[in-house]
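Novice: Quick one: structure below, then a few questions.
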């Protein structure tokens with residue numbers, strides 16, 4: 002389950018996501034393509050603004066970071082913290 006983004010495009014646009022990513026989050030590939038790689042479309046009520054800010058900062062600065070972000074499927078289901086929601090750059 003992964004996606005690929007182009008850091009040279011504005012907003013680090015998603016240029017590819019595999020079938021596993023689409024199945025896991027309930028989106029079609031067309032719905033995901035060209036969106037920002039911060040995956041703001043996967044955020045929900047329990048996603049902290051701080052975690053998104055840290056991710057954005059790491060992407061803009063081409064820095065490595067490790068953090069947990071709560072991402073939600075299209076149907077708004079969210080896995081428990083620490084299970085399938087880990088993201089690293």
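Numbering (the working numbering), first residue to last: 2 to 90. For every residue, glycine included, the Cβ atom is placed at its ideal position computed from N, Cα and C. Being a predicted model, the structure only gives us computed values, none of them experimental.
1. Looking at the secondary structure, which residues open and close the beta strand (DSSP E) in which residue 15 lies?
2. Which stretch, first to last residue, makes up the beta strand (DSSP E) that contains residue 6?
3. In terms of residue numbering, what span does the beta strand (DSSP E) encompassing residue 75 cover?
4. Rounded to whole angstroms, what is the Cα-Cα separation between residue 55 and residue 61?
5. Taking CB distances under 8 Å as the criterion, tell me whether residue 75 reaches chain C.
Specialist: So, from the data block:
1. By 1-based counting over the chain shown, the position of residue 15 is 14. Counting along the chain, the beta strand (DSSP E) containing residue 15 begins and ends at 15-18.
2. Against the chain shown, residue 6 aligns to sequence position 5. Run containing residue 6: 4-6, per the beta strand (DSSP E) assignment.
3. Indexing the chain shown from 1 puts residue 75 at position 74. Per DSSP, residue 75 belongs to no beta strand (DSSP E) and is neither H nor E.
4. Numbered from its first residue, the chain shown carries residue 55 at position 54. Numbered from its first residue, the chain shown carries residue 61 at position 60. In a straight line, the C-alpha of residue 55 is about 10 Å away from that of residue 61.
5. Of the protein chains in the structure, only one exists, and it is not chain C.
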